[in-house]
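See below for the structure under consideration.
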Amino acid sequence: MTSPSASEQLRQSLALYSTLSRTTTHFTPAQGDTVRMYVCGPTVYSAPHIGNMRTYLFADIARRVLCFAGYSVQAAMNITDVGHLTSDADSGDDKMAKAAAAERATAWEVAEKYTEIFFSDADRLNILPMDLVLRATQHIPQQIELIQRLEEKGVVYRTDDGMYFDTSFVPDYGKLTPNDTREHLRAGQRVAMGEKRHATDFALWKFSPPDAPKREMEWPSPWGVGFPGWHIECSAMAMDYLGETLDLHLGGIDHIPIHHTNEIAQSETATGVPFSRWWMHGAFLTLEGERRMGKSEGNKITLDTLIDEGFDPLEFRYLVLLSHYRSPLSFSRTALEQAANALRRLRHRVAAWKKSVGAGELPDCPDNPYLTRFVDALAEDLNMPRAVAELWQLARDPDVDDATKLSLILAFDEVLGLDLESASKESTEIPDAVVRLAQERWELRSAKRFEESDKLRDQILAAGYTVQDGPGGYELVPVND
Ligand code: AMP
Ligand code: ZN
49 MTSPSASEQL
59 RQSLALYSTL
69 SRTTTHFTPA
79 QGDTVRMYVC
89 GPTVYSAPHI
99 GNMRTYLFAD
109 IARRVLCFAG
119 YSVQAAMNIT
129 DVGHLTSDAD
139 SGDDKMAKAA
149 AAERATAWEV
159 AEKYTEIFFS
169 DADRLNILPM
179 DLVLRATQHI
189 PQQIELIQRL
199 EEKGVVYRTD
209 DGMYFDTSFV
219 PDYGKLTPND
229 TREHLRAGQR
239 VAMGEKRHAT
249 DFALWKFSPP
259 DAPKREMEWP
269 SPWGVGFPGW
279 HIECSAMAMD
289 YLGETLDLHL
299 GGIDHIPIHH
309 TNEIAQSETA
319 TGVPFSRWWM
329 HGAFLTLEGE
339 RRMGKSEGNK
349 ITLDTLIDEG
359 FDPLEFRYLV
369 LLSHYRSPLS
379 FSRTALEQAA
389 NALRRLRHRV
399 AAWKKSVGAG
409 ELPDCPDNPY
419 LTRFVDALAE
429 DLNMPRAVAE
439 LWQLARDPDV
449 DDATKLSLIL
459 AFDEVLGLDL
469 ESASKESTEI
479 PDAVVRLAQE
489 RWELRSAKRF
499 EESDKLRDQI
509 LAAGYTVQDG
519 PGGYELVPVN
529 D
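Residue numbers (the numbering used here): 49 to 529.
So, in structure tokens, the structure goes:
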């Protein structure tokens with residue numbers, strides 16, 4: 049458990065950046081000790097990629113930091129299981145229907161299958177389960193009700209394909225995007241206008257096309273049979289469960305110009321109060337430097353791919369911790385291997401401390417300077433790279449005893465989520481790949497092919513082991529660093 053003084057220190061100092069205010073300010077919940085937090089969830093028409101999972105890891109870290117500060121966090125996430133359209137435009141195919149046709153399944157089956165895959169990935173990454181998982185298809189009445197409230201305000205109009213929100217009624221429409229970029233406008237301009245009054249207007253309810261085959265997912269509404277637009281689901285469900293003003297709303301940066309901009313427009317028009325006090329956005333995971341990993345970019349890597357390659361999901365979690373959430377994370381196998389080696393070394397250390405401490409009680413270390421510095425890092429807009437660096441400083445400090453190290457690092461792990469407590473037991477086993485390398489090296493060495501055997505020695509070292517040769521063979525010893 050976090051010590052009360054560390055929690056208090058974190059509460060006093062926790063500063064979070066909000067995309068809306070464009071500043072980093074001291075975070076406090078609106079009501080007492082409860083933080084109401086909403087995370088925009090996945091669209092479940094295909095398996096998530098590790099870019100998506102980076103965003104959910106960021107949300108998990110934010111949540112764990114708030115818990116570390118002693119807040120009670122109510123965390124909600126939507127599941128977009130009603131086919132939202134293929135782009136942020138209000139036209140195009142329904143993603144769910146498209147996937148259903150490709151997989152010869154119903155749209156409902158597709159949604160169920162990918163929802164399960166998403167939660168299984170989240171679980172393997174040690175992402176804490178959400179308190180509330182809100183499926184869009186199970187909240188159609190709430191969405192209809194919100195559209196009706198908007199109608200009463202006179203901001204909804206009908207076109208031949210749906211009911212639209214008139215953004216010209218919102219004086220501060222687009223406030224989430226800086227004036228000089230206004231990407232939502234540019235994005236809006238790419239959209240075929242049809243009968244829309246303004247490029248940025250968006251669908252609240254779409255009619256089932258009269259001349260197409262009957263849709264699998266459609267509902268009656270006061271305006272005609274059809275299905276809700278994408279943005280309305282988050283506003284309706286978040287407000288229904290968490291209240292009209294949230295403390296924290298999170299998602300990836302691609303949600304800023306359209307999805308979150310429109311959530312703000314419709315929620316605040318309906319209620320007249322701010323929709324969320326903090327808006328936090330995670331940067332992308334990219335490949336080959338700049339290229340964003342995307343479901344439709346053709347460069348998707350899933351967690352299963354990494355597992356098949358022999359990685360442990362928590363090694364990916366460790367890698368994610370090494371970049372600040374507002375900086376892009378340039379993914380590569382090399383970076384992941386380095387993260388894996390570092391995590392393995394950490395697990396070895398934890399195992400060794402456990403052995404030396406035995407079954408005795410761990411000391412309470414409320415005022416330890418390493419704890420203070422770790423909390424400082426969290427308070428600095430979730431500066432996890434610094435938090436991990438503080439952890440390693442502590443791990444390597446010869447003046448700190450093992451029991452203190454163990455006690456502090458297990459407390460840090462409440463936020464890091466690397467499962468150091470249980471992973472340490474089995475992780476002392478040397479990985480197969482390293483054993484194979486060592487065997488190969490021994491054979492090369494015996495054949496006096498020293499140049500090649502030295503290269504393998506370096507690879508083994510990079511994986512966190514030194515080879516100690518003796519007359520009858522070799523021994524692999526974990527590097528203590
Ligand atoms: P989607 O299922 O497409 O709605 O995306 C789910 C979440 O993943 C959203 O919060 C996106 O902002 C986020 N996301 C999509 N691509 C990436 C990426 N390459 N890196 C990080 N987050 C991403
Ligand atoms: Zn959303």
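We put the CB at the ideal spot given by N, CA and C, even for glycine.
None of the values given here were measured: they were computed from a predicted structure.
Check: Considering only the alpha carbon of each residue, which of Leu391, Pro526, Thr225, Ala149 lies closest to Glu469?; Outcome: Leu391
Check: Please tell me whether Leu430 has its Cβ less than 8 Å away from any Cβ of chain C.; Outcome: Absence of chain C from the displayed structure is noted, only one protein chain being present.
Check: Can His372 be considered in contact with ligand 1, in the sense that its beta carbon sits closer than 7 Å to one or more heavy atoms?; Outcome: no
Check: Flag Lys343 as yes when its Cβ comes closer than 7 Å to any non-hydrogen atom of ligand 1, and as no otherwise.; Outcome: yes
Check: Okay, do the stretch 311-320 and the stretch 193-203 touch, 3+ Cβ pairs below 8 Å being the bar?; Outcome: yes
Check: Which term fits Glu164, buried or exposed, when burial requires 16 or more other beta carbons within 10 angstroms of its beta carbon?; Outcome: exposed
Check: Evaluate Met241 with the Cβ neighbour count: other Cβ atoms within 10 Å of its Cβ, from every protein chain shown; 16 or more gives buried, anything less gives exposed.; Outcome: exposed
Check: List, from N- to C-terminal side, the beta strand (DSSP E) runs of 3 residues or more that fit wholly inside the stretch 101-171.; Outcome: 120-127
Check: Among Ala435, Asp450, Leu439, Leu296, which one has its Cα closest to the Cα of Lys403?; Outcome: Asp450
Check: With a 10 Å radius around its C-beta and 16 neighbouring C-beta atoms as the bar for buried, classify Lys503 as buried or exposed.; Outcome: exposed
Check: From the DSSP output, read off the bridge partner residues of Ala63.; Outcome: His74, Glu428
Check: From Phe398 to Arg444, what does the alpha carbon distance come to, in whole angstroms?; Outcome: Sequence inspection shows Val at residue 398; the Phe mentioned does not correspond to that position. When rounded, the distance between both Cα atoms is 12 Å.
Check: Between which two residues does the alpha helix (DSSP H) containing Pro361 stretch?; Outcome: 361-369
Check: Tell me, which residues are paired with Gly518 by DSSP?; Outcome: Gly521
Check: With burial defined as no fewer than 16 other Cβ atoms inside 10 Å of the residue's Cβ, what is the status of Asp517: buried or exposed?; Outcome: exposed
Check: Here's a check: name, in chain order, each residue in its chain whose Cβ is nearer than 8 Å to the Cβ of Glu193, leaving out the five neighbours to either side.; Outcome: Ala284
Check: Taking the CB atoms as reference points, tell me whether Ala388 and Glu357 lie closer together than 8 Å.; Outcome: no
Check: Are the beta-carbon atoms of Ala117 and Val87 separated by less than 8 Å?; Outcome: no
Check: Between the stretch 141-156 and the stretch 103-116, are three or more C-beta pairs nearer than 8 Å?; Outcome: no
Check: Is Asn431 close to ligand 1? I mean its beta-carbon at under 7 Å from any heavy atom of the ligand.; Outcome: no
Check: Check each candidate in Met265, Asp259, Ala260, Gly521 and name the one with the smallest Cα separation from Trp253.; Outcome: Met265
Check: Start and end of the beta strand (DSSP E) containing Lys254?; Outcome: 250-255
Check: Taking Val423 and Gln186 to be in contact with their CB atoms under 8 Å, please state how far apart those CB atoms are, rounded to whole angstroms.; Outcome: About 39 Å; that fails the 8 Å criterion.
Check: Any heavy atom of ligand 1 within a distance shorter than 7 Å of the CB on Asn100?; Outcome: yes
Check: Pull up the DSSP beta-bridge partners for Gly408, would you.; Outcome: According to DSSP, Gly408 bridges with nothing at all.
Check: Are the beta-carbon atoms belonging to Asn126 and Gly89 less than 8 Å from one another?; Outcome: yes
Check: My assumption, with CB atoms under 8 Å, is that Asp129 sits in contact with Ala159. Please give the rounded CB distance.; Outcome: 4 Å
Check: Does any heavy atom of ligand 2 sit closer than 7 Å to the C-beta of Gly299?; Outcome: yes
Check: If Asp415 sits next to Ser53, beta carbons under 8 Å apart, how far is it from one beta carbon to the other, in whole angstroms?; Outcome: 7 Å
Check: Assuming Pro526 and His396 form a contact by the criterion Cβ under 8 Å, report the distance between their Cβ atoms to the nearest whole angstrom.; Outcome: 4 Å
Check: Look at Asp208 and Glu243 and say whether their C-beta atoms are less than 8 Å apart.; Outcome: yes
Check: In whole angstroms, what is the alpha-carbon distance linking Gly346 and Pro189?; Outcome: 36 Å
Check: Assuming the contact rule is C-beta atoms closer than 8 Å, Leu367 and Ala383 should be a hit. Round their C-beta distance to whole Å, please.; Outcome: 6 Å
Check: Tell me whether Leu354 counts as near ligand 1, meaning its Cβ is closer than 7 Å to at least one heavy atom of that ligand.; Outcome: no
Check: Let me know if Asp214 comes out buried or exposed under the rule of 16 or more other beta-carbons within 10 Å of its beta-carbon.; Outcome: buried
Check: Just to confirm, is the Cβ distance from Arg374 to Leu173 under 8 Å?; Outcome: no
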